[in-house]
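Taken in order, these protein sequences are the chains called Z and X.
Be aware that the first sequence starts at 1, since it is given in our numbering, and climbs by one per residue.
Be aware that the second sequence starts at 1001, since it is given in our numbering, and climbs by one per residue.
All residues carry an ideal CB built from backbone N, CA and C; glycine is no exception.
Because the structure is a prediction, the values reported are computed rather than measured.
There are 2 protein chains.
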Amino acid sequence: MKDGPDIAHIAALIGDPARANMLTALMGGMALTATELSAEAGVTKQTASSHLSKLESGGLLTIRKQGRHRYYQLADSDVASLLESLMGVAMRTGHMRNRPGPKDPALRHARVCYDHLAGDMGIRLYESLLSKGFVQERAGEPDLTEKGRAFVLSLGLPLDAMTNKRRPLCKACLDWSERRTHLAGSLGAALLDHIYAKEWAERRAGSREVVFTAKGQRAFETCFG
Amino acid sequence: MKDGPDIAHIAALIGDPARANMLTALMGGMALTATELSAEAGVTKQTASSHLSKLESGGLLTIRKQGRHRYYQLADSDVASLLESLMGVAMRTGHMRNRPGPKDPALRHARVCYDHLAGDMGIRLYESLLSKGFVQERAGEPDLTEKGRAFVLSLGLPLDAMTNKRRPLCKACLDWSERRTHLAGSLGAALLDHIYAKEWAERRAGSREVVFTAKGQRAFETCFG
DNA sequence: TTCATAGTTCGATCCTAGTCGAAACAATAA
DNA sequence: TTATTGTTTCGACTAGGATCGAACTATGAA
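In structure tokens form, the structure reads like this:
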């Protein structure tokens, strides 16, 4: 009767507001220290420490000691996409943490989802790859075509290094603000790196927001319109 | 201060073991009653009722009233895929629950649903009536065709007595074990009576179980295969 | 009608788990 | 060494919520 994975334990870990705030902060992909996360969560350092050790032993976070700091980050992209799923359901069921503020439209336009591009721009990127035949969906999962491989190489991206990893090259990730799919996986990450490298856009400090320059926006349209 | 969807609320809903058991039982789309779900969760009906109302107002479940039963099911496939994500992460992080108990395959095979046949056999009966053109679905509700009326009469069933009642002749009923539709209404009841009368099967005392004899199983196949 | 079953609401109890103060531990800098 | 900062451990307090018994409503059956 009671078999299979224990989802209650994992969900309970995410279900505490303080921990949820920490995890949301880590969706930006950057590793954060315990003190930074305590501020994000709005609790004292002691409390944050307790939460972080639970998240770590629960397998949701990994820890990297560096000097006297401890950098925490999401364990892997599966955890990130789980959180993204949660955001999608939470938003559709009308559970927002506050009324839409000024930061909200910016986040909807372009933001980081772990290590790849999400929001409207992320959707457009993915749709473009699909419509140009660079990526095909097979059984719901995206896959790079031959034509797509050539395109990726033409951008100067290290395709071999990407395909050798255990991480899938292409993965579909559900976008909570748009309710549509954008591209995750190592290709998704590489494309976001490309956008940074070309200086089309940059991260806004302390936020998941990705700010495109006017020139970068045009270049993006040219390349992925 | 915090923007974005409130994932903590949704995760906390899933994070209670009793609720998680209910949701797990509802995976796959089949609808269950409150009492059945209380048994799945291992709590009393009162407790289950409290949990279910929370899940419903949280947008994770929908209710479908049918007679004095309330069938609960997952709100949509997004919720299902969220649970699937959770299972994936729980599995990878080694959080399994192991409490094997007696499940009842006999009930899934054939049981009484009020007064008509449900379970796998009930599904097969209904599918047979559909494929032979005896019953047609119109606007989601089944209806007996002319050909079907002749068939019912050929079985020696009192069609007139059935049609005169206030109760509808044919009605679709949701099957919890198969997540599909089987036939209710006075025709559904009459067909189960027919099965009893022909001694193809009988009720097991004190249970909803319907036990087919070997000969009865064959006769059923011949008539409704 | 009366009885039985499905499900909810109320009230009380109990217990987990989040929280913080204080102190200890760890690692760097001067 | 001492001082400072980052982080964890311990202990105690407390609120929220899971739970169940009892009473209640609603629907269907006899």
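Boundaries of the beta strand (DSSP E) in which residue i is found, first to last residue
i: Z:Val112; result: 111–113
i: Z:Glu202; result: 201–203
Simplified DSSP state of residue i, which is helix, strand or coil
i: Z:Ala31; result: coil
i: X:Lys1065; result: strand
i: X:Cys1237; result: Limits of chain X in this structure are 1001 at one end and 1225 at the other, which puts residue 1237 of chain X out of reach.
i: X:Thr1163; result: helix
i: X:Val1043; result: coil
i: Z:Leu60; result: coil
i: X:Trp1176; result: Note that X:Trp1176 scores a pLDDT of 46, beneath 50, so its modelled location is shaky; the value from the coordinates is reported in the next line. Correct three-state label for X:Trp1176: coil.
i: Z:Leu52; result: helix
i: X:Glu1127; result: helix
i: Z:Ala75; result: coil
i: Z:Leu117; result: strand
i: Z:Leu13; result: helix
i: X:Gly1225; result: coil
i: X:Gly1156; result: coil
i: Z:Arg218; result: helix
Beta bridge counterpart(s) of residue i as assigned by DSSP
i: Z:Gln136; result: Z:Asp143
i: X:Arg1070; result: X:Lys1065
i: Z:Val211; result: Z:Glu202
Contact belief for residue i with residue j at Cβ below 8 Å, rounded distance in angstroms
i: X:Ala1020; j: Z:Ile14; result: The pair is not a contact, with the Cβ atoms about 12 Å apart (cut-off 8 Å).
i: X:Phe1224; j: X:Ser1128; result: 4 Å
i: X:Val1211; j: X:Ala1201; result: 6 Å
i: Z:Gly42; j: Z:Ala12; result: With 8 Å as the limit, Z:Gly42 and Z:Ala12 do not qualify as a contact, their Cβ atoms being about 20 Å apart.
i: X:Cys1170; j: X:Asp1193; result: The pair is not a contact, with the Cβ atoms about 15 Å apart (cut-off 8 Å).
i: Z:His182; j: Z:Gly122; result: 4 Å
i: Z:Met22; j: Z:Tyr114; result: 15 Å between Cβ atoms; not a contact.
i: Z:Gly156; j: Z:Arg167; result: Wrong, their Cβ atoms sit about 20 Å apart, outside the cutoff.
i: Z:Asp175; j: Z:Ala214; result: Rounded, the Cβ-Cβ distance is 24 Å, inconsistent with contact.
i: X:Leu1073; j: X:Ala1031; result: Just to set this straight, residue 1073 of chain X is Gln in the shown sequence, not Leu. Yes, they are in contact, since the Cβ atoms of X:Gln1073 and X:Ala1031 sit about 4 Å apart, within 8 Å.
i: Z:Leu61; j: Z:Ala75; result: 6 Å
i: Z:Ser33; j: Z:Tyr71; result: Per the sequence presented here, residue 33 of chain Z reads as Thr, with Ser not at that position. Contact holds; Cβ gap of about 6 Å.
Segment limits, alpha helix (DSSP H) that includes residue i
i: X:Leu1192; result: 1185–1197
Quiz prompt | Contacting positions in the stretch 77–93 of chain Z - beta carbon closer than 8 Å to chain X | solution = Asp78, Val79, Ser81, Leu82, Leu83, Ser85, Leu86, Met87, Gly88, Val89, Ala90, Met91, Arg92, Thr93
Quiz item: Using a Cβ cut-off of 8 Å, which residues of the stretch 1186–1198 of chain X contact any Cβ in chain Z, in chain order?
Solution: none
Quiz item: Which residues, in chain order, does the stretch 108–124 of chain Z contribute to contact with chain X at a C-beta distance below 8 Å?
Solution: none
Self-check item: Interface positions of the stretch 8–38 of chain Z facing chain X (Cβ-Cβ less than 7 Å), listed along the chain
Solution: Ala8, His9, Ile10, Ala11, Ala12, Ile14, Gly15, Asp16, Pro17, Ala20, Asn21, Thr24
Practice problem: Compile a chain-ordered list of the residues in the stretch 51–65 of chain Z whose CB is closer than 7 Å to at least one CB of chain X. | Solution: Gly58, Gly59
Quiz item: What residues in the stretch 155–173 of chain Z bring their beta carbon closer than 9 Å to a beta carbon of chain X?
Solution: none
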